[in-house]
Amino acid sequence: MKNKIAIKLIAYFSATLLIFSIIIGGIFMSLFKNSTIQIQKKDLENRALTIADTISELMGGSLSFGNGMQGGMMGMGGMNQSLGSYVRNLDDIAMADVWIVDENLNLLTIGAMAKMQYMYSDLPEDADVVVKDVFNGNTTFSEGFSELLEKPTLTIGTPIVSDNEIIGALLIHSPVEGMNAAVNDGFKMLAVSIVIALILSIILSVALAVSFTKPLKTMKNTALILAEGNYSAKTGISQNDEIGELASTIDILSQRLEKASHESEILHKQRQDFITNISHELRTPVTVIRGSLEAICDGVVKDTKQVKEYHEQMLNESKSLERLVNDLFEISRLQNADFKIEMQELNICDVLNDAVRSASNIARNKNINIDLKLDKDVFITKGDYGRLRQMFLIVIDNAIKFSPENSTINLSLYNNKVTVQDEGIGISKDDMPYIFNRYYRVKSVENKTGTGLGLTIAQQIANRHNVKLSVASEQNVGTSFMFEFS
Ligand code: ADP
């Protein structure tokens with residue numbers, strides 16, 4: 004079974020509809036039957052009352068039916084003419100079998116029953132009860148005559164009154180076959196309607212179930228495609244319900260996976276670039292050192308002055324190697340979330356003064372003036388003194404490196420913001436997005452010794468201290484680095 008949900012939905016829907024139809028059908032049939040019986044009874048009662056009234060009127064209060072069956076027959080002879088013919092035609096008038104009986108259940112009228120020979124003992128048990136009830140002045144119903152009349156019959160009994168005296172009981176026996184036939188017809192019609200409704204509903208439920216499960220199938224297929232690693236897959240479902248919400252959640256998931264996969268690709272490429280670059284950077288000084296050493300060892304370089312020059316070159320290369328390795332070590336430590344840096348209360352003004360003091364030596368070589376302006380003497384924050392000093396030094400060093408001789412570097416502390424502004428070569432728009440990347444550096448005359456790790460370290464230190472580091476630059480005008488303390 005492939006579409007299990009659809010099958011279940013159809014089954015649930017059909018079962019619910021069937022139960023609903025049975026209950027509604029049952030209630031309807033019972034109400035319909037009761038109402039049909041009530042209508043029939045009302046009709047019978049009206050007929051009975053009219054006949055009883057007419058008989059009373061025709062009797063004019065003077066006549067009696069006489070006593071006993073035979074007496075009744077004789078008594079009929081004493082009736083006036085119109086009453087006689089009325090009574091004779093009672094069955095036709097009432098459209099049913101009509102009896103007029105006295106208190107002792109003696110039949111007084113002619114009619115269908117007049118031809119029947121029946122014994123008193125044949126009369127149903129409740130005939131007595133009915134007649135008694137009628138002689139007590141009530142109109143009453145009974146189904147007890149059915150057996151005697153050999154068909155299901157509803158009998159109504161009503162008193163015939165003359166001179167305020169009940170002189171007889173009018174019993175009308177109406178066969179209930181017609182009534183049952185009406186009820187049966189009603190039942191058949193109801194059953195046919197229910198079957199038709201069920202068939203139509205099942206067709207509708209199939210269509211509904213299929214349209215309901217269609218988006219689920221689409222989502223399943225999309226999830227499978229995502230699982231295979233194709234993160235561009237989307238459900239494309241737009242519905243304003245829970246299914247729609249689920250579909251858009253899958254779409255959001257696919258978007259995020261796509262973004263993450265893209266980022267991971269970039270990271271992978273950056274890592275590869277980094278390894279290529281770092282290998283190159285390590286190889287250059289190592290090659291120089293090895294070449295110099297070989298030249299000395301092979302005796303190619305013998306002159307003491309030349310040997311000294313070679314030694315100095317090797318020392319410089321070793322220093323640059325050391326700086327590179329230290330920077331790499333520092334970056335890897337700062338990027339490691341488990342590596343905790345020591346945070347203690349310190350005065351940023353002290354850190355800035357210290358950094359400027361250290362940088363002023365190099366600045367002096369280029370006759371660059373570092374102008375430090377502090378809007379206060381004390382700006383306390385929590386941090387690692389050495390690393391914050393290193394962070395400012397990296398940016399001040401760069402400012403010196405990329406500034407022309409005799410220029411000024413403005414260093415200021417205003418509110419909680421430190422700005423290092425130079426009048427140097429600036430950074431091009433193309434380079435700007437990458438300057439904080441590991442190992443990114445612009446190779447230029449000013450930047451012969453750069454490793455491309457300085458700003459990466461500065462950014463890491465800033466992150467660790469919740470400092471927002473930003474940059475603004477214009478080529479050939481200058482660059483500003485801003486450190487915003489929280
Ligand atoms: P580097 O070792 O090359 O200085 P950094 O990470 O410190 O590495 O800087 C990355 C690049 O950002 C530099 O190569 C340079 O192109 C650019 N840069 C940094 N600071 C400045 C500045 N003040 N003026 C111009 N360019 C700068």
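Numbering (this note's numbering), first residue to last: 4 to 489. We treat Cβ as the ideally placed atom computed from N, Cα and C, and that holds for glycine.
Select from Asn107, Leu174, Pro155, Ser38 the residue whose C-alpha is nearest the C-alpha of leucine 93.
Position 90 of the sequence shown holds residue 93. Checked all of Asn107, Leu174, Pro155, Ser38; the closest Cα to leucine 93 is Leu174.
Give the straight-line distance between the Cα atoms of phenylalanine 332 and threonine 459, rounded to the nearest whole angstrom.
Counted from its first residue, the sequence shown places residue 332 at position 329. Counted from its first residue, the sequence shown places residue 459 at position 456. Distance between the alpha carbons of phenylalanine 332 and threonine 459 is about 12 Å.
Cα separation between asparagine 70 and threonine 57?
Along the sequence shown, one-based indexing puts residue 70 at 67. Along the sequence shown, one-based indexing puts residue 57 at 54. Note that asparagine 70 has pLDDT 41, beneath the 50 cutoff, so the model's placement of it is unreliable and no number is given.
According to DSSP, what are the bridge partners of phenylalanine 484?
Numbered from its first residue, the sequence shown carries residue 484 at position 481. Phenylalanine 484 pairs with Val423, Val474.
Drop a sphere of 10 angstroms on the beta-carbon of histidine 468, count the other beta-carbons inside from all chains shown, and report buried for 16 or more, exposed for fewer.
Indexing the sequence shown from 1 puts residue 468 at position 465. Buried is the call here.
Burial state of glutamate 426, where buried means 16 or more other Cβ atoms lie within 10 Å
As a first step, residue 426 must be located in the sequence shown, where it is residue number 423. It is buried - the Cβ of glutamate 426 has at least 16 other Cβ atoms within 10 Å.
Say yes only if the C-beta of lysine 432 is nearer than 8 Å to one or more non-hydrogen atoms of the ligand ADP, and no if none qualify.
Residue numbering aside, residue 432 sits at position 429 when the sequence shown is read from its first letter. No, since every heavy atom of the ligand ADP falls outside the 8 Å radius drawn around the Cβ of lysine 432.
Whole-angstrom distance between isoleucine 397 and cysteine 300, CA atom to CA atom:
In the sequence shown, residue 300 corresponds to position 297, counting from 1. In the sequence shown, residue 397 corresponds to position 394, counting from 1. One C-alpha to the other measures close to 38 Å.
Check each candidate in Ser204, Leu260, Leu416, Glu261 and name the one with the smallest Cα separation from phenylalanine 16.
As a working note, residue 16 is residue 13 in the sequence shown. Answer by Cα proximity: Ser204.
When DSSP labels each residue in this structure, what does tyrosine 437 get in the three-state scheme?
Along the sequence shown, read from residue 1 onward, the residue named residue 437 stands at position 434. Looking at tyrosine 437 - three-state DSSP - the assignment turns out to be helix.
Beta-carbon proximity list for methionine 182, same chain, < 8 Å, skipping 5 on both sides:
Here residue 182 refers to the residue found at position 179 of the sequence shown. Cβ neighbours of methionine 182 beyond the five flanking positions: Thr39, Ile40, Gln43, Leu157.
Which stretch, first to last residue, makes up the beta strand (DSSP E) that contains histidine 176?
Within the sequence shown, the letter at position 173 stands for residue 176. 168-178 is the extent of the beta strand (DSSP E) around histidine 176.
Once you ignore the five residues that flank valine 179 on each side, which residues in its own chain have a CB closer than 6 Å to its CB?
Translated into the one-based positions of the sequence shown, residue 179 becomes position 176. Answer for valine 179: Pro155, Leu157, listed in chain order.
Cα-Cα, which of Leu152, Gly247, Gln338 is closest to asparagine 466?
Along the sequence shown, read from residue 1 onward, the residue named residue 466 stands at position 463. That would be Gln338, whose Cα lies nearest to the Cα of asparagine 466.
Can you confirm whether the region 298-312 touches the region 342-356 when touching is taken to mean that 3 or more C-beta pairs between the two stretches lie within less than 8 Å?
no
Which of helix, strand or coil does DSSP assign to asparagine 329?
Walking along the sequence shown from the start, residue 329 turns up at place 326. Correct three-state label for asparagine 329: helix.
When every heavy atom of the ligand ADP is checked, does at least one fall within less than 8 Å of the C-beta of isoleucine 351?
Taking the sequence shown and counting its residues from 1, the one referred to as residue 351 is at position 348. Answer for isoleucine 351: no, Cβ out of range of the ligand ADP.
Check glutamate 348 in the structure and name its three-state DSSP category.
Taking the sequence shown and counting its residues from 1, one reaches residue 348 at position 345. Reduced to three states, the DSSP call for glutamate 348 is strand.
Could you give the first and the last residue of the continuous beta strand (DSSP E) run that contains valine 132?
Taking the first residue of the sequence shown as position 1, residue 132 is located at position 129. No beta strand (DSSP E) contains valine 132, which is instead part of the alpha helix (DSSP H) from 128-138.
Whole-angstrom distance between glutamate 477 and lysine 369, CA atom to CA atom
On the sequence shown, residue 369 is found 366 positions in, with the first residue counted as 1. On the sequence shown, residue 477 is found 474 positions in, with the first residue counted as 1. Approximately 22 Å, taken between the alpha carbons.
Buried versus exposed call for alanine 200 [16 or more other C-beta atoms within 10 Å across all chains shown]
As a first step, residue 200 must be located in the sequence shown, where it is residue number 197. That one is exposed.
From aspartate 131 to phenylalanine 138, what distance separates their C-alpha atoms?
Sequence index remark: in the sequence shown, residue 131 carries index 128 (1-based). Sequence index remark: in the sequence shown, residue 138 carries index 135 (1-based). C-alpha separation (whole angstroms): 10 Å.
State whether the region 349-369 contacts the region 314-328, with contact taken as three or more CB pairs (one from each stretch) at a distance under 8 Å.
no
For tyrosine 388, name the three-state secondary structure that DSSP assigns.
Taking the first residue of the sequence shown as position 1, residue 388 is located at position 385. It is helical.
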